[in-house]
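Taking it in order: structure first as C-alpha coordinates, then the write-up.
Residue numbers (our numbering): 4 to 103.
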(Lines of atoms letter the chains of each structure in order from A; the text may use other names.)
(Lines give C-alpha, C1' and ligand atoms only; values in the text may rest on other atoms or scores of the structure.)
Protein backbone atom coordinates (compact mmCIF):
# COMPACT_ATOMS: atom_id res chain seq x y z
CA UNK A 4 0.00 0.00 0.00
CA UNK A 5 1.27 3.46 -0.87
CA UNK A 6 1.99 6.00 1.84
CA UNK A 7 -0.69 8.10 0.16
CA UNK A 8 -3.47 5.58 0.74
CA UNK A 9 -5.71 5.38 3.74
CA UNK A 10 -6.19 2.10 5.61
CA UNK A 11 -8.63 0.89 2.94
CA UNK A 12 -6.32 1.97 0.12
CA UNK A 13 -8.83 4.57 -1.11
CA UNK A 14 -8.09 7.59 -3.28
CA UNK A 15 -5.02 6.13 -4.96
CA UNK A 16 -4.50 5.39 -8.61
CA UNK A 17 -1.28 4.71 -10.46
CA UNK A 18 -1.29 5.32 -14.18
CA UNK A 19 0.94 6.66 -16.95
CA UNK A 20 0.10 9.92 -18.62
CA UNK A 21 1.63 12.70 -20.65
CA UNK A 22 1.69 16.33 -19.64
CA UNK A 23 2.60 19.43 -21.64
CA UNK A 24 3.98 18.38 -25.01
CA UNK A 25 4.53 14.69 -24.22
CA UNK A 26 6.73 15.17 -21.17
CA UNK A 27 6.43 11.73 -19.51
CA UNK A 28 5.61 11.45 -15.83
CA UNK A 29 5.69 8.31 -13.73
CA UNK A 30 2.41 7.94 -11.89
CA UNK A 31 -0.36 9.81 -10.12
CA UNK A 32 -1.39 9.46 -6.50
CA UNK A 33 -4.14 11.64 -5.05
CA UNK A 34 -4.92 12.76 -1.52
CA UNK A 35 -8.59 13.66 -1.31
CA UNK A 36 -11.21 14.45 1.30
CA UNK A 37 -14.57 12.75 1.14
CA UNK A 38 -17.30 14.76 2.89
CA UNK A 39 -21.08 14.94 2.84
CA UNK A 40 -20.64 17.77 0.31
CA UNK A 41 -18.56 15.70 -2.10
CA UNK A 42 -15.06 14.61 -3.04
CA UNK A 43 -12.24 17.16 -3.08
CA UNK A 44 -8.66 16.49 -4.25
CA UNK A 45 -6.13 18.18 -1.95
CA UNK A 46 -2.73 17.10 -3.31
CA UNK A 47 -1.35 15.03 -6.16
CA UNK A 48 1.91 13.19 -6.53
CA UNK A 49 3.21 13.04 -10.09
CA UNK A 50 6.39 11.07 -10.47
CA UNK A 51 8.59 12.21 -7.57
CA UNK A 52 6.91 15.59 -7.10
CA UNK A 53 4.05 16.49 -4.80
CA UNK A 54 1.75 19.37 -5.73
CA UNK A 55 -0.60 20.91 -3.19
CA UNK A 56 -3.86 21.77 -4.89
CA UNK A 57 -4.62 25.39 -4.09
CA UNK A 58 -7.84 25.73 -6.04
CA UNK A 59 -10.59 23.49 -7.35
CA UNK A 60 -11.69 25.56 -10.34
CA UNK A 61 -14.53 23.38 -11.64
CA UNK A 62 -16.24 20.10 -10.80
CA UNK A 63 -18.59 18.22 -13.09
CA UNK A 64 -19.86 14.67 -13.35
CA UNK A 65 -21.00 12.26 -16.01
CA UNK A 66 -22.60 8.84 -15.81
CA UNK A 67 -21.32 5.83 -17.70
CA UNK A 68 -24.12 3.33 -17.17
CA UNK A 69 -24.62 3.22 -13.42
CA UNK A 70 -21.15 4.60 -12.61
CA UNK A 71 -20.66 8.28 -11.79
CA UNK A 72 -17.37 9.80 -12.98
CA UNK A 73 -16.17 13.06 -11.45
CA UNK A 74 -13.92 15.53 -13.26
CA UNK A 75 -12.00 18.17 -11.33
CA UNK A 76 -10.20 21.12 -12.89
CA UNK A 77 -7.57 21.97 -10.27
CA UNK A 78 -4.49 24.14 -10.01
CA UNK A 79 -1.55 25.17 -7.89
CA UNK A 80 0.46 28.38 -8.28
CA UNK A 81 1.90 27.44 -11.68
CA UNK A 82 0.17 24.33 -13.06
CA UNK A 83 -3.32 23.10 -13.87
CA UNK A 84 -4.76 19.62 -14.28
CA UNK A 85 -8.05 17.99 -15.16
CA UNK A 86 -8.40 14.95 -12.91
CA UNK A 87 -10.86 12.10 -13.32
CA UNK A 88 -12.28 9.97 -10.49
CA UNK A 89 -14.29 6.76 -10.94
CA UNK A 90 -16.68 6.28 -8.00
CA UNK A 91 -17.01 2.55 -8.62
CA UNK A 92 -13.31 1.63 -8.74
CA UNK A 93 -12.05 4.64 -6.70
CA UNK A 94 -9.38 5.19 -9.37
CA UNK A 95 -7.90 8.57 -10.29
CA UNK A 96 -6.28 9.66 -13.56
CA UNK A 97 -5.10 12.81 -15.32
CA UNK A 98 -7.23 13.81 -18.31
CA UNK A 99 -5.15 16.89 -19.15
CA UNK A 100 -2.18 18.69 -17.65
CA UNK A 101 -0.85 22.18 -18.23
CA UNK A 102 2.56 23.13 -16.88
CA UNK A 103 4.01 26.61 -16.81
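Just so you know, even glycine gets a beta-carbon here, dropped at the ideal spot from N, CA and C.
Which ranges does the beta strand (DSSP E) cover as unbroken runs of at least 3 residues, wholly within the region 27-86, from first to last along the chain?
The region 27-86 is shown to contain whole beta strand (DSSP E) runs of 3 or more residues at 31-38, 41-49, 52-55, 58-67 and 70-78, in chain order.
Out of curiosity, what's the CA-to-CA distance linking residue 57 and residue 67?
By one-based count along the chain shown, residue 57 stands at place 54. By one-based count along the chain shown, residue 67 stands at place 64. Approximately 29 Å between the Cα atoms of the pair.
What residue range does the beta strand (DSSP E) around residue 98 cover?
Walking along the chain shown from the start, residue 98 turns up at place 95. Per DSSP, residue 98 is one residue of the beta strand (DSSP E) stretching across 94-101.
Less than 9 Å between the beta carbons of residue 55 and residue 79, yes or no?
As a position in the chain shown, residue 55 is number 52, starting the count at 1. As a position in the chain shown, residue 79 is number 76, starting the count at 1. The answer is yes: Cβ separation under 9 Å.
Compare the C-alpha of residue 81 against each of 87, 38 and 102 and name the closest.
For this step, residue 81 is matched to residue 78 along the chain shown. For the residues 87, 38 and 102, the minimum Cα distance to residue 81 belongs to 102.
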